Every structure is written in C-alpha cells, then in structure tokens.
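Asker: Here's a structure for you.
In my numbering, the protein residues as written are 11 to 336.
Have a look at this one:
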C-alpha cells in the first residue's frame with residue numbers, strides 16, 4: 011500500500027521534471043540569444059555624399075556576444091573535424107542522425123509510435139516491430155537522401171563564394187583588396203566593374219558609364235543608367251544613385267560605399283516579403299492540424315479508460331486494450 015501511495019505522485023513528479031527541463035532549455039536559449047539591435051531604415055538615396063559618410067561614421071556594427079563567438083568557434087572546429095579522415099565517420103554519423111530526426115518530424119510519427127507501443131503491450135510484438143522497422147527504415151533512407159542533397163548544395167555554394175574588391179579610402183588612389191562578400195559591412199568602399207555581381211547595397215561615390223541589370227530585383231528588363239546625384243522620395247527602381255545586392259553590372263565602372271548587408275538589403279527584404287505569403291493548404295497541413303488537435307484528447311481518453319479499468323480490478327492487458335480501442 012505504501013508503494014502504491016508513492017507511485018500516485020509519479021505522474022505529477024514526471025510532469026514537473028519535464029516542465030523544469032523545458033523551462034531550463036528555454037532560459038538557456040534566451041540567454042544565448044543576441045539582444046535585438048534595431049536599425050532604422052535610412053533613405054541613403056536621398057542623402058548627398060557628405061551626409062552618407064557622416065551617417066556611416068556615426069553608426070557601428072554591433073559587436074558579437076560571447077555566445078556568438080563561442081558558437082562560431084564551435085562551427086569552425088566542427089568544419090575542420092569533418093575534413094579529418096579519422097573523425098569524418100563520427101561527423102558524418104552525427105549529420106545523418108540530424109537528418110533522420112528531421113525526417114521523423116511528421117504528424118503521423120506519434121500516431122504510429124503510440125500504435126506500435128500499444129501493440130507490443132497487448133502481445134503483438136511482431137506487429138509492433140514491423141511498424142517501428144518500416145518507420146525507421148523510411149526515416150533512414152529519407153535522411154540519407156537529404157544529407158546527400160545538402161552536401162551537394164553546400165559544395166555548389168562553396169564553389170560560388172562571391173568576392174568583393176574593397177578600398178581603405180573612398181578616393182581613387184590605392185589598390186583594391188579582394189575579400190569575401192560575407193565580410194563586408196557598412197562603410198566599406200567597393201569597386202564595381204563590368205560583369206560584377208553587386209555584393210551589397212551601396213551608395214555610389216563616383217561612376218563612369220555605369221549600367222546595372224536590376225531585373226532580378228525590380229523586374230526592369232533594360233539596364234539602368236546610374237548616377238551619383240541623390241534621388242529623394244524615389245522608389246527602388248528609380249534610385250539611380252544606389253546599387254543593390256544581387257544585381258549585375260553590364261557596363262562601366264564605379265566606386266560605392268556599402269550601406270546595408272545581410273538581412274537589411276533590398277533583395278533580402280523582397281525575399282522575406284515573399285516568404286510571408288501563406289502556403290496553399292494541402293493534405294499534409296490538414297493532417298498535421300488534425301493530429302495536433304485530436305492526439306492529446308485521444309491519449310487523454312485512452313489513459314482515462316485504462317486507469318479506470320485498473321481501478322476496477324481488470325487485468326492489465328484488458329485495461330490497456332480498452333484504452334487502445336478508444
């Protein structure tokens with residue numbers, strides 16, 4: 011009787027432990043997250059060159075936090091470890107496990123898992139093993155295919171790393187230095203020539219017959235002639251003193267100062283705006299919604315029936331069978 015009295019609190023203790031673990035995980039995530047750094051949108055196209063330089067001199071990029079620096083070092087170590095022959099199998103196994111976990115993130119997975127567990131409890135071990143085996147095999151094959159696709163895409167992206175030519179000063183004197191476009195930040199002065207892909211949003215300092223293909227951003231089919239004169243209140247397609255990330259120089263050359271990078275560029279905003287478009291509702295979305303709403307109620311009902319049957323003195327197998335039937 012004393013043992014049963016102690017077991018009565020086991021579900022409560024387990025729930026409290028799960029809640030504590032979830033809260034700890036959320037707290038660690040918040041602690042490691044970077045504090046928001048609001049950045050006002052500046053109408054760079056409406057400012058003259060002196061105002062642009064003054065504004066960039068006053069602004070600065072937020073320094074990386076200790077957690078971000080540690081995460082960057084861990085990523086670098088993991089990348090180097092993946093290229094070491096001895097550690098490559100372990101690194102590949104970890105990546106495969108991550109991909110398999112992504113494949114198991116499906117609305118039908120909990121339903122099949124509960125069904126197989128119930129079958130095993132009721133004595134149908136073979137049926138349970140068949141369901142679990144098919145589920146695991148499908149996840150393993152899908153994860154392997156996903157991992158191969160991700161590696162192929164990473165290889166293509168690595169071969170297409172964009173470069174940029176930067177100057178230490180905005181004048182015409184001096185030689186440019188070639189760096190990865192990902193290292194650019196506001197204030198860098200870049201040089202643009204024919205066939206260059208613009209690495210970031212930038213304000214022109216001077217240009218010589220510069221024409222840019224902006225069809226990917228604005229839909230304009232013809233090259234756009236650029237100039238250094240400000241263009242107040244102009245839409246994106248008419249900001250002739252600006253060059254935008256992802257567009258292509260088709261003629262001329264120029265020098266420009268970077269004003270926006272990463273998620274702050276016009277192309278990134280366009281992608282984010284397109285991503286807000288709600289996806290068409292399909293069978294997968296409806297099934298996931300149905301599972302999310304019905305599964306907790308079904309599990310609660312089955313657990314209640316099983317518990318009441320056990321309290322009435324029914325055998326364990328009969329009680330579990332009644333719960334599964336619900």
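All C-beta atoms, glycine included, are put in the ideal place defined by N, C-alpha and C. The structure displayed is predicted, hence computed values, not measured ones.
Helix, strand or coil for residue 115? Go by DSSP, reduced to three states.
Answerer: Looking at residue 115 - three-state DSSP - the assignment turns out to be coil, as it is neither helix nor strand.
Asker: For residue 263, which beta-bridge partners are listed by DSSP?
Answerer: Beta-bridge pairing links residue 263 to 218.
Asker: Take residue 245 as the anchor and find which of 54, 141, 37 has the nearest alpha-carbon.
Answerer: Answer by Cα proximity: 54.
Asker: Just the Cα atoms here: how many angstroms apart are residue 14 and residue 158?
Answerer: Interpretation of residue 14 is limited by its pLDDT of 44, a score under 50 that renders its predicted location unreliable; the figure taken from the coordinates is listed afterwards. Each residue's Cα considered, the two are about 52 Å apart.
Asker: Looking only at its chain, what residues have a beta carbon closer than 7 Å to the beta carbon of residue 226, apart from the 5 residues adjacent to it on each side?
Answerer: The answer, listed in chain order, is 256, 257.
Asker: Return the CA-CA distance between residue 151 and residue 203, expressed in angstroms with no decimal places.
Answerer: Whole-angstrom Cα-Cα distance: 47 Å.
Asker: So does the region 232–240 actually touch the region 297–314, counting three or more Cβ pairs closer than 8 Å?
Answerer: With the cut-off at 8 Å, the region 232–240 and the region 297–314 do not touch.
Asker: For residue 187, which residues in the same chain have their Cβ closer than 8 Å to its Cβ, ignoring the five residues on either side in sequence?
Answerer: Hits under 8 Å: 175, 176, 177, 178.
Asker: Could you give the first and the last residue of the continuous alpha helix (DSSP H) run that contains residue 66?
Answerer: Its alpha helix (DSSP H) spans residues 59–68.
Asker: Taking 8 Å as the threshold (C-beta atoms), are residue 233 and residue 221 in contact?
Answerer: Going by C-beta atoms, residue 221 is nearer than 8 Å to residue 233.
Asker: DSSP three-state label for residue 187, please.
Answerer: The answer is strand: DSSP assigns residue 187 an E or B state.
Asker: So is residue 126 buried or exposed if we call it buried at 16+ other beta carbons inside 10 Å?
Answerer: Buried, since its Cβ has 16 or more Cβ neighbours within 10 Å.
Asker: Classify residue 317: buried if its beta carbon has 16 or more other beta carbons within 10 angstroms, exposed otherwise.
Answerer: Exposed: under 16 other Cβ atoms inside 10 Å.
Asker: List the endpoints of the continuous alpha helix (DSSP H) containing residue 202.
Answerer: From DSSP, residue 202 is part of no alpha helix (DSSP H) but of the beta strand (DSSP E) over 199–202.
Asker: Comparing the C-beta of residue 142 with each C-beta of chain D, is any distance below 8 Å?
Answerer: Although the question refers to chain D, the structure presented lacks it and comprises just one protein chain.
Asker: Just the C-alpha distance for residue 219 and residue 266, rounded to the nearest angstrom, thanks.
Answerer: Roughly 14 Å separates the two Cα atoms.
Asker: So, using beta-carbon positions, are residue 156 and residue 113 closer together than 8 Å?
Answerer: Yes; because the gap between Cβ atoms is below 8 Å, this pair is in contact.
Asker: Under the rule that 16 or more other beta-carbon atoms within 10 Å means buried, what is residue 236, buried or exposed?
Answerer: Answer is buried; the Cβ neighbour count reaches 16.
Asker: For the beta strand (DSSP E) containing residue 174, list its first residue and its last residue.
Answerer: Unbroken beta strand (DSSP E) run through residue 174: 173–177.
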